[in-house]
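Visitor: My structure is below; once you've seen it, I'll send some questions.
Numbering (our numbering), first residue to last: 676 to 1061.
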């Protein structure tokens, strides 16, 4: 289940880049006004909450694709069963903030949306999020500090962390003896048997950044470090590039490629459909990651129910269900780790060691050079394809 694959689209480059850059450095991330609401049932018995909210609607936007399917079955449906509500989820990506901005401020199209670092920054700059009332989210005490430590303090006052997705190393077991390292993609044995994402260069370039560079910040250090990462990719003999999870599945299942940079949601699908054929791991060098937060939208007509839902997102039962049916990582510190998630982080230190995020600050540095990097990246994809 992850993203968007947060990853495999070109959406980031089209979403209000100029607006984000225009507001960066002017207090935009701290600009959303705090909105107070009357105390609600946060800690009241479930029976009281069900009576208060029965039949009420709530629209929550999750990431589309595999993520949306898991979110609907293991988050939305149990919530409705528990509280008698009519919550629903729709899948989204780069269009969410634009749609909210285009709608009347007192009648937004959604009540809650998911956002990682980029969309999180954009929504804050557009002032569409409601500041969090911690008294209504008691489950925040269960969250790994990592989620707050990877964002500016001005940003962590909005929304609740739910989990996150990553890049991962996917290998066909028939390849034999694949080292749990990104270096495996450059292994001579797999020349012409590698597949990677051609669209989301920011995640694909994280692989050589973690393997041969000085860290994920190399991705946005244009031109010198970013260019070197692209040159490392050009050393690979790519069997075939993929643009989405379905295309990756065809390439791997037909054994056109034996090893791949995958995403956690797509990788989980391989484990479910062909458990004896594939290994999915977080390489020793770590992976690129994104943190999924859920934000209440200003003007929602269901503010109290939205608070209840965001606290529910952090309940152990909710987090356990999602983790058992995905390969994302969760926000709570006490989740039950399923057998398919090998090497799941066990501490806040593990989160820092394993998961490197393109931070909000990182996106602010990446965006001004977007067109130049994208142009150079497309040249590399064309070169390795031919």
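Quick reminder that beta carbons are idealized off the backbone N, C-alpha and C, glycines included.
(1) Taking the CB atoms as reference points, tell me whether residue 935 and residue 842 lie closer together than 8 angstroms.
(2) Suppose contacts are defined by Cβ-Cβ distances below 8 angstroms. Is residue 881 in contact with residue 916 by that definition?
(3) Would you mind sorting residue 838 into buried or exposed? The rule is 16 or more other CB atoms within 10 Å of its CB.
(4) From residue 698 to residue 1037, what does the alpha carbon distance come to, in whole angstroms?
(5) For the putative contact between residue 904 and residue 893, defined by C-beta atoms under 8 angstroms, what is the C-beta separation to the nearest angstrom?
(6) Between residue 792 and residue 1029, is the Cβ-Cβ spacing less than 8 angstroms?
(7) Under the three-state reduction of DSSP, which class applies to residue 973: helix, strand or coil?
(8) What residues in its chain sit with their C-beta under 7 angstroms from that of residue 817, if we drop five residues either side in the sequence?
(9) Cα separation between residue 635 and residue 750?
(10) By the 10 Å Cβ neighbour count, where 16 or more other Cβ atoms means buried, how is residue 849 classified, buried or exposed?
(11) State the start and end residues of the unbroken beta strand (DSSP E) segment that holds residue 761.
(12) Taking C-beta to C-beta, are residue 868 and residue 914 nearer than 8 angstroms?
(13) Taking the alpha carbon of residue 952 as the reference point, which residue from 930, 814, 973 and 833 has its own alpha carbon closest?
(14) State the DSSP-derived secondary structure class of residue 880, mapped to helix, strand or coil.
(15) Straight-line CA distance for residue 695 to residue 964?
(16) Are the beta-carbon atoms of residue 1065 and residue 981 separated by less than 8 angstroms?
(17) What number of angstroms, rounded off, separates the C-alpha of residue 829 from the C-alpha of residue 823?
(18) Quick one: grab the DSSP three-state call for residue 951.
(19) Just the C-alpha distance for residue 685 and residue 967, rounded to the nearest angstrom, thanks.
(20) Would a C-beta distance cut-off of 8 angstroms place residue 784 and residue 778 closer than the cut-off?
(21) Quick one, which of 997, 765 and 820 has its alpha-carbon nearest residue 1025's?
(22) Using a 10 Å radius around the Cβ and a threshold of 16 neighbouring Cβ atoms, would you call residue 923 buried or exposed?
(23) State the CB to CB distance for the pair residue 724 and residue 955, rounded to an integer number of angstroms; the pair is presumed to be in contact (CB under 8 angstroms).
(24) Where does residue 1002 land, buried or exposed, given buried means 16+ other C-beta within 10 angstroms?
(25) Roughly how many whole angstroms lie between the Cα atoms of residue 1066 and residue 1054?
(26) Return the Cβ separation of residue 776 and residue 734 in integer angstroms, given the expectation that the two are a contact with Cβ distance under 8 angstroms.
(27) Measure the CB-CB distance between residue 754 and residue 987 and report whether it falls below 8 angstroms.
(28) In chain order, what are the residue ranges of uninterrupted alpha helix (DSSP H) at least 4 long that sit wholly in the region 845 to 931?
(29) Reducing DSSP to helix, strand and coil, say where residue 962 ends up.
(30) If the criterion is Cβ atoms closer than 8 angstroms, does the pair residue 801 and residue 759 meet it?
(31) How far does the beta strand (DSSP E) with residue 1006 in it reach, from first residue to last?
(32) Any chance you could list the alpha helix (DSSP H) runs of at least 4 consecutive residues sitting entirely within the region 985 to 1056, in chain order?
(33) Please go through the same chain and pick out, in chain order, the residues whose beta-carbon is closer than 6 angstroms to the beta-carbon of residue 997, but skip the five residues on each side of it.
(34) Buried or exposed for residue 847, going by 16 or more other Cβ atoms inside 10 Å?
(35) Over the uninterrupted alpha helix (DSSP H) stretch that includes residue 799, give me the two end residues.
Guide: Per the coordinate set shown:
(1) no
(2) No. Outside cutoff.
(3) buried
(4) Its pLDDT being 36, under 50, residue 698 is placed unreliably by the model, and the measurement read from it follows with that caveat. Near 15 angstroms, if we compare the C-alpha coordinates of residue 1037 and residue 698.
(5) 6 angstroms
(6) no
(7) coil
(8) 989, 1007, 1008 and 1009
(9) Since the displayed the chain opens at 676 and closes at 1061, residue 635 lies outside it and no answer follows.
(10) Per the 10 Å Cβ criterion, exposed.
(11) 761 to 767
(12) yes
(13) 930
(14) Residue 880 falls in the coil class under three-state DSSP.
(15) Residue placement at residue 695 cannot be trusted, given a pLDDT of 37 that sits under 50; the coordinates are not used to answer.
(16) Outside the shown range of the chain, which is 676 to 1061, sits residue 1065, and nothing can be said about it.
(17) In a straight line, the C-alpha of residue 829 is about 10 angstroms away from that of residue 823.
(18) coil
(19) For residue 685, the predicted model reports a pLDDT of 34, less than 50, meaning its position is unreliable; a value from the coordinates is still stated below. The straight-line gap from Cα to Cα measures roughly 18 angstroms.
(20) Yes, they are a contact pair.
(21) 820
(22) buried
(23) 38 angstroms between Cβ atoms; not a contact.
(24) buried
(25) Outside the shown range of the chain, which is 676 to 1061, sits residue 1066, and nothing can be said about it.
(26) Not really, about 17 angstroms apart at Cβ, beyond 8 angstroms.
(27) Yes. Within cutoff.
(28) 876 to 879, 881 to 886, 899 to 909 and 920 to 928
(29) strand
(30) no
(31) It is not in any beta strand (DSSP E) - residue 1006 carries neither H nor E in the DSSP assignment.
(32) 991 to 999, 1023 to 1029 and 1035 to 1041
(33) The residues are 749.
(34) Residue environment: residue 847 is assigned as buried (16 or more neighbouring CB atoms within 10 Å of its CB, all protein chains considered).
(35) 792 to 800
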